[in-house]
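Everything on this sheet refers to the single structure shown next.
Protein chains: 2
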Amino acid sequence: MTDSTDSTEPAVGAPERRPGGRTARVRAQVLDAVRAELAEAGHEGLTVEGVAARAGVHRTTVYRRWRDVGGLLVDVIAAAGEMDWQPPDTGSLRGDLTALNREIQESLVVRPSFAVALMAASFHSEQAARAQTRLWADRYAQCEILVERAVARGELPVRGARDARGARGATELDARSLLIAATAPVYHQVVLLRADPDPRLPERAAAAAVLAAAAGAFSVPRTEGA
Amino acid sequence: MTDSTDSTEPAVGAPERRPGGRTARVRAQVLDAVRAELAEAGHEGLTVEGVAARAGVHRTTVYRRWRDVGGLLVDVIAAAGEMDWQPPDTGSLRGDLTALNREIQESLVVRPSFAVALMAASFHSEQAARAQTRLWADRYAQCEILVERAVARGELPVRGARDARGARGATELDARSLLIAATAPVYHQVVLLRADPDPRLPERAAAAAVLAAAAGAFSVPRTEGA
């Protein structure tokens, strides 16, 4: 697997995404097959031939468009990023983070887990790892609105007016650090520590992050021009 | 790789550990070779032949004692658990957790990283995963003393006297949840999100967990007889 990825990243924004077109249909079939093969046998069991057979397309179609297993992994991750996913909106930060954590835990404990298979693949494929890193970054960026809404509702401490850029003592919230503090324990327990899933963990991890935030743990000096 | 592990878990407490003995010397050479091969090529590149060649021992010696790659992985993880590791003792919980996080971050960002190679292996070897889960459980158990010392110093809120078992309203700290909240963001950022290592992260993650703990995030009702 090489590091040159241009020709193996055909997915995002490409004309093939036109809904209903034949290429879009083939892509959907092939990516469904990749997910199924990944979930069943992990990325070690992933082959272009196996994917083509399961998708019911000719393997030269797969080779031409995705080139190799790395290209398939990149595209299946890109497709996850194209999903119309919306962060939860429950009316409180604690509720939002709990809902987010429940969704994460569910995706990790379901067997077979496509999410865990992707993480495993990212340890072994530089292409898959980079695609996954982009997907995570997008998802955390999407979730920053949870923190913005909490600030707007007055749930979290922010010193200084919103328009008082760089005013002495003004702070803003490091939303990403808060989101990571809230979600990391779920990944850590389920994926790395392989603990039995604890149904209370999503809410507890969310509540701990909110308490830390309320105590100023993620407040940083407002940056000039932010 | 099978699930029966007795014959592939020869390490802990076995007479071979007698310091200075020939078998102990062979084990040290072989495990050093496993670590080097893992760090260089990951577990996918790990073979009994490669380990034997690097260790300078006959491959039948390796087959007889460790049987296969799974046995080697289990023993290298067991050896990590036998290390005389002590949790930090800086005089404050925040300082202790920061020191712990620095040690964790260092082990994850060093290239090649033996710790990351082991995590990758645990996605693919059930034996390695179970051995790693035991090692993590031991390490977190060892670290509970950080929380106990903080409680004894009065840094953290615990309602009810230590000997008032189960008294109404008495609480104790869920030390493990606190430790996971403090350390999980470091693993998450470095291993899963593959972010550039942030030298401030160890202290920030530690500080956030301490603030959450001080606000009661990890306080649970004291259990009868605890």
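Protein chains in written order, with full-length UniProt numbering: chain A, 1 to 226; chain B, 1 to 226. For glycine and all other residues, C-beta sits at the position ideal for the given N, C-alpha and C.
Inset, instruction - For the segment 144-153 of chain A and the segment 175-186 of chain A, state whether three or more C-beta atom pairs, one from each stretch, are separated by less than 8 Å. - result: Yes, they touch.
Handout entry: Q86 of chain A burial status per 10 Å Cβ neighbour count (16 or more: buried)
Key = It is exposed - the Cβ of Q86 of chain A has fewer than 16 other Cβ atoms within 10 Å.
- Cβ-based burial, P197 of chain A [other Cβ within 10 Å; buried from 16]: Flag for P197 of chain A reads exposed.
Find out if the Cβ-Cβ distance for the pair F114 of chain B, L38 of chain B is shorter than 8 Å. Taking 8 Å as the Cβ cut-off, F114 of chain B and L38 of chain B qualify as a contacting pair.
key: Where the alpha helix (DSSP H) through V116 of chain A begins and ends   = Its alpha helix (DSSP H) spans residues F114 to S122.
#### Entry: Short CB-CB distance (under 8 Å) between P221 of chain B and chain A
Judged by the 8 Å Cβ criterion, P221 of chain B is not in contact with chain A.
Quick one: is E27 of chain A near chain B, going by C-beta distance under 8 Å? Note that residue 27 of chain A is Arg in the sequence shown, not Glu. By this cut-off, R27 of chain A is not an interface position.
Please confirm if Q142 of chain B has its CB atom under 8 Å from at least one CB of chain A.
No, no contact with chain A.
- Query: Rounded to a whole number of angstroms, what is the C-alpha to C-alpha distance between A184 of chain A and Q105 of chain B?
  - Reply: Roughly 15 Å separates the two Cα atoms.
Can you list, in chain order, the residues of its chain whose CB lies under 7 Å from that of V191 of chain B, leaving out five sequence neighbours each side? For V191 of chain B, where only same-chain residues beyond five positions count, the Cβ hits under 7 Å are L108, V116 and M119.
Can you pull the chain A residues whose beta carbon is under 9 Å from the beta carbon of E44 of chain B, in chain order?
At a beta-carbon threshold of 9 Å, the residues of chain A lying near E44 of chain B are E44 and H124, ordered along the chain.
CA-CA distance, R59 of chain A and A131 of chain A?
-> Looking at the two C-alpha atoms, the distance is approximately 23 Å.
Can you pull out the residues from the segment 181-210 of chain A whose beta carbon lies closer than 9 Å to at least one beta carbon of chain B? For the segment 181-210 of chain A, which is checked against every Cβ of chain B, the residues closer than 9 Å are A181, T183, A184, P185, V186, Y187, H188, Q189, V191, L192, L193, R194, A195, L201, R204, A205, A207, A208, A209 and V210.
Next item on the list: Run the CB neighbour count on D163 of chain B, radius 10 Å, all protein chains shown included, and call it buried at 16 or more, exposed below.
Entry: For D163 of chain B, the pLDDT reaches just 49, beneath the cut-off of 50, and the residue's location in the model is therefore unreliable, leaving the point undetermined.
inquiry  = Contact criterion: CB-CB distance below 8 Å. Does S113 of chain B meet it with respect to chain A?
reply    = No - not a single Cβ of chain A is within 8 Å of the one on S113 of chain B.
Check your understanding: What are the residues of the UniProt domain "HTH tetR-type" (24-84) of chain B that lie near chain A, defined by any Cβ-Cβ distance shorter than 8 Å?
Key -> Under the 8 Å Cβ criterion, the UniProt domain "HTH tetR-type" (24-84) of chain B contributes G42 and E44.
_Taking the alpha carbon of P221 of chain B as the reference point, which residue from B:A52, B:A175, B:G71 and B:V186 has its own alpha carbon closest?_
That would be B:A175, whose Cα lies nearest to the Cα of P221 of chain B.
Within a Cβ cutoff of 7 Å, which residues of the same chain sit near P112 of chain B, ignoring the five residues on either side of it in sequence?
Apart from sequence neighbours up to five positions away, the residues of its chain that approach P112 of chain B with a beta-carbon distance below 7 Å are A39 and E40, ordered along the chain.
key: Strand pairing of V220 of chain B, partner residues [DSSP]   = V220 of chain B pairs with B:E172.
S177 of chain B: contacting residues in chain A (beta-carbon distance under 8 Å): Simply P185, R204 and A208.
Quiz prompt | Between the CA atoms of T47 of chain B and V26 of chain B - distance to the nearest angstrom | solution = A straight line joining the alpha-carbon of V26 of chain B with that of T47 of chain B spans about 17 Å.
Report task. Output yes if chain A places a C-beta closer than 8 Å to the C-beta of A217 of chain B; else output no. Result -> Taking a beta-carbon distance threshold of 8 Å, A217 of chain B counts as an interface residue toward chain A.
_For R159 of chain B, which residues in the same chain have their Cβ closer than 7 Å to its Cβ, ignoring the five residues on either side in sequence?_
Cβ within range, chain order: G169, A170 and T171.
Check: Is the CB-CB distance between A212 of chain B and A212 of chain A below 8 Å?
Finding: Yes, the pair counts as a contact, with Cβ atoms nearer than the cut-off.
Check your understanding: By a C-beta neighbour count over all protein chains shown, 10 Å radius and 16 as the cutoff for buried, is A129 of chain A buried or exposed?
Key -> A129 of chain A is buried by the Cβ-count criterion.
For A212 of chain A, decide whether its Cβ has a neighbour in chain B, counting only Cβ atoms nearer than 8 Å.
Under the Cβ criterion of 8 Å, A212 of chain A is counted among the residues facing chain B.
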